[in-house]
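Residue numbers (our numbering), protein chains in the order written: chain A, 1 to 298; chain B, 1001 to 1298.
Protein chains: 2
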Amino acid sequence: MKYIIGVDGGGTKTKFVLYDVMGIPLKTFQSGSCHLMQVSQNQARLTLYQGVQNLIKDLDISPQDLFISLGLAGYGNQVMKRELELVTASALSPYSYHLVSDAEIALYGALGGQDGIIVIAGTGSIAYAKVGQEILRAGGWGYFFGDEGSSYWIGQHLLELFSQQLDGRLEKTILHDYLWDKFQLNEPLDLIKYSNDHFVGHRSQVAQLAKDAAKLAKEGDPHMQDLFEKAGLELGRLVQALASHFPQGCPVSTVGGLWESKDILRQAFQTSLASKFQLQAPLQAPEYGAYLIAKDLI
Amino acid sequence: MKYIIGVDGGGTKTKFVLYDVMGIPLKTFQSGSCHLMQVSQNQARLTLYQGVQNLIKDLDISPQDLFISLGLAGYGNQVMKRELELVTASALSPYSYHLVSDAEIALYGALGGQDGIIVIAGTGSIAYAKVGQEILRAGGWGYFFGDEGSSYWIGQHLLELFSQQLDGRLEKTILHDYLWDKFQLNEPLDLIKYSNDHFVGHRSQVAQLAKDAAKLAKEGDPHMQDLFEKAGLELGRLVQALASHFPQGCPVSTVGGLWESKDILRQAFQTSLASKFQLQAPLQAPEYGAYLIAKDLI
């Protein structure tokens, strides 16, 4: 084996990196999503095929010299899992490959292949632990009754707090005036129609509200500061649920858009962790995690 | 005016009562729902027409001798409000009538026409206050980010707590074994598919889970007892939001299926109220509330 291609297939883009066996990146390529929630099976197949072809076109690589390691979004879903396996098989023949979820390569990448925990917080929330060859998870039950501490969860709680300000259950803060203007309400009950039009069934628009929440927390809104603190503690509970597998502690990495410069969130998260859990920045990108998985296999 | 018909139009049935001017019930009739979420406009029109005809068919009543007072579900919704007004106008011509929401007649009935507050807790939750001629409300923002303390809210929190028991964030109690069997899970992640099939988009099935929660609370499950206590406190906050309109206090009545023999809920609710708010059983049924509203108008 002379080459390994690591593929990180997310909801918005697919990243391909060609490594030599030592993990030195030789060439990268990026294209659109191959997530079956976003594109057809045919499009996904084409994306994977062309991505690999693009990396190897100038190299004289025989099938036995190349191994492809993929982490694809949607692989946690049972139905999509089978479809992704078919898509990958037809796109990558005759090369050898190994397919896991995008979360698994993020886990390997962030921890550099070592045992430990990552806490992913974006639109949803989930934690994964690597314990030897075993992958464990906590959270990730979905927006309907789970994903505590995620952007969606923050957005929904922001709406709840705003409605309570509108009817007098909660004292009004800058949150009230800000959302009143943003939603262009004329009277309190307008919130119901606005919410039906913009938020019910529009998961990403609810998650987008976390940005407003962060802005208001930074400007001193006590309810929003409290909300980010609660989110940080909820994300900390995901680590606690996996802690029994690491009696000596382990490294913990945070992955995902919600962590970016949300100081209150990060601080509450950190204080909720026992001291034996060392918070560390992700060591490597997910596509390098794919390389690491391949390296153990070939 | 010799007769008043009170109509209580709910989500599952429509009740008609013929009163004399003194409020003595002479005759009653019940038929299916006229809620526009459940039936067509034509069906609703027929239901209202036939209900009234049924009550007066053996009486020789001229239009100027009869007044019809209706409280109809869906009247809080702006779109349905206009449709209900059209339906009622065509169904009840040539009689005089007055149309309000089903909640408003419940308010008048429960308090016997006096000023005060009712807290409705069923699938959703909302509180109404009558302050002179003015009707105020708190809560009732809907299942998506409101209806705190309702059956739906309890059902959703039950699922959240169960998922946390499945992944180790919360210690297992009888709730875990009970739902594991009820949902016929083979492994924890089966909950996601079960929930997608049975609960996402099925509002009443989520609310039905409150019955399981009540059973488990009675059997000693600490999380379910805690959940009903929180629900009671949330319902108490609805009263607190309206309290400023009653500096001397006022009677408070509870209406709706969730209140039935949920001791923990009721006790938490009661302790959250200032002593000047006197909890009392509803004095009269909603259809009598409709009569009371009519009596002030004719």
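Built from N, CA and C at the ideal position, the CB exists for glycine as well.
{"Asked": "Where the region 1185-1200 of chain B meets chain A: residues whose CB sits under 9 Å from a CB there", "Found": "Leu1189, Leu1191, Ile1192, Lys1193, Ser1195, Asn1196, Phe1199, Val1200"}
{"Asked": "Beta-carbon neighbours of B/Arg1237, restricted to chain A and to distances below 7 Å", "Found": "Arg169"}
{"Asked": "8 Å contact criterion, which A/Ala290 and A/Val87 should meet: CB distance rounded", "Found": "In fact, because the Cβ distance is near 17 Å, the residues do not count as touching under 8 Å."}
{"Asked": "Sheet register partners of B/Glu1134 (DSSP bridge)", "Found": "B/Val1131"}
{"Asked": "Of the residues B/Asp1058, B/Gly1220, B/Gly1122, the one placed nearest B/Leu1258, counting alpha carbons only", "Found": "B/Gly1122"}
{"Asked": "Selection from B/Gly1168, B/Glu1171, B/Ser1261, B/Gly1236 that minimises the alpha carbon distance to B/Ala1214", "Found": "B/Ser1261"}
{"Asked": "Segments assigned alpha helix (DSSP H), at least 4 residues, entirely inside the region 1184-1254 of chain B", "Found": "1190-1198, 1203-1218, 1222-1242"}
{"Asked": "Unbroken beta strand (DSSP E) run spanning A/Lys27, endpoints", "Found": "25-32"}
{"Asked": "Option in B/Gln1064, B/Gly1051, B/Val1100 with minimal Cα separation from B/Ala1091", "Found": "B/Gly1051"}
{"Asked": "N-terminal and C-terminal residue of the beta strand (DSSP E) that A/Phe162 is part of", "Found": "Unbroken run through A/Phe162 is the alpha helix (DSSP H), 151-166; no beta strand (DSSP E)."}
{"Asked": "8 Å contact criterion, which A/Ser101 and A/Ala294 should meet: CB distance rounded", "Found": "With a Cβ gap of about 15 Å, A/Ser101 and A/Ala294 do not count as contacting."}
{"Asked": "Chain-ordered neighbours of B/Leu988 on chain A, where CB pairs are closer than 7 Å", "Found": "An answer regarding residue 988 of chain B cannot be provided, because it is not within the stretch 1001 to 1298 covered by chain B."}
{"Asked": "Any chain A beta carbon closer than 8 Å to B/Ala1138", "Found": "yes"}
{"Asked": "Range of the contiguous alpha helix (DSSP H) that encloses A/Ile105", "Found": "102-110"}
{"Asked": "Buried versus exposed, by CB contacts within 10 Å (16 or more), A/Ile154", "Found": "buried"}
{"Asked": "Segment contact flag, the region 266-274 of chain A with the region 1005-1023 of chain B, C-beta cutoff 8 Å, min 3 pairs", "Found": "no"}
{"Asked": "Chain A within 8 Å of B/Gly1032, Cβ atoms only", "Found": "no"}
{"Asked": "C-beta neighbour in chain B for A/Gln156, strict 8 Å", "Found": "yes"}
{"Asked": "Distance cut-off 7 Å: A/Ser40 Cβ against heavy atoms of the ligand MG", "Found": "You won't find the ligand MG in this model; it holds no ligand whatsoever."}
{"Asked": "Close-in-space but distant-in-sequence residues of the same chain around A/Leu166 (CB under 7 Å, 5 per side omitted)", "Found": "Pro188, Leu191"}
{"Asked": "Span of the alpha helix (DSSP H) around B/Gln1043", "Found": "1041-1056"}
{"Asked": "Any C-beta of chain B under 8 Å from that of A/Ala241", "Found": "yes"}
{"Asked": "For A/Gln278, the residue or residues it bridges with in DSSP", "Found": "A/Pro251"}
{"Asked": "Proximal residues to A/Leu209 (C-beta, below 6 Å), its chain only, five neighbours per side dropped", "Found": "Gly155, Leu158"}
{"Asked": "Spatial distance of B/Asp1221 from B/Arg1169 (CA atoms)", "Found": "17 Å"}
{"Asked": "Residue-level contact to chain A via CB, B/Trp1259, 8 Å cutoff", "Found": "no"}
{"Asked": "Partner residues on chain B for A/Trp153, Cβ-Cβ distance less than 8 Å", "Found": "Those do not exist, as A/Trp153 stays about 11 Å from chain B at its closest Cβ, beyond 8 Å."}
{"Asked": "B/Lys1057 burial status per 10 Å Cβ neighbour count (16 or more: buried)", "Found": "exposed"}
{"Asked": "Minimum Cβ-Cβ distance from A/Ser204 to chain B less than 8 Å", "Found": "no"}
{"Asked": "Amino acids of chain A, ordered along the chain, whose beta-carbon sits closer than 8 Å to that of B/Ser1163", "Found": "Trp141, Phe145, Gly146"}
{"Asked": "Residue range of the alpha helix (DSSP H) that includes B/Gly1289", "Found": "1286-1297"}
{"Asked": "N- and C-terminal bounds of the alpha helix (DSSP H) containing B/Ile1061", "Found": "Unbroken run through B/Ile1061: none, as it is neither H nor E."}
{"Asked": "Cut-off 7 Å between Cβ atoms - residues of its own chain near A/Gln38, not counting five sequence neighbours on either side", "Found": "Gly11"}
{"Asked": "Exposed unless 16 or more other CB atoms sit within 10 angstroms - verdict on A/His202", "Found": "exposed"}
{"Asked": "Alpha-carbon to alpha-carbon, A/Tyr152 and B/Glu1171", "Found": "25 Å"}
{"Asked": "A/Ser96 - partner residues in DSSP beta bridges", "Found": "A/Phe67"}
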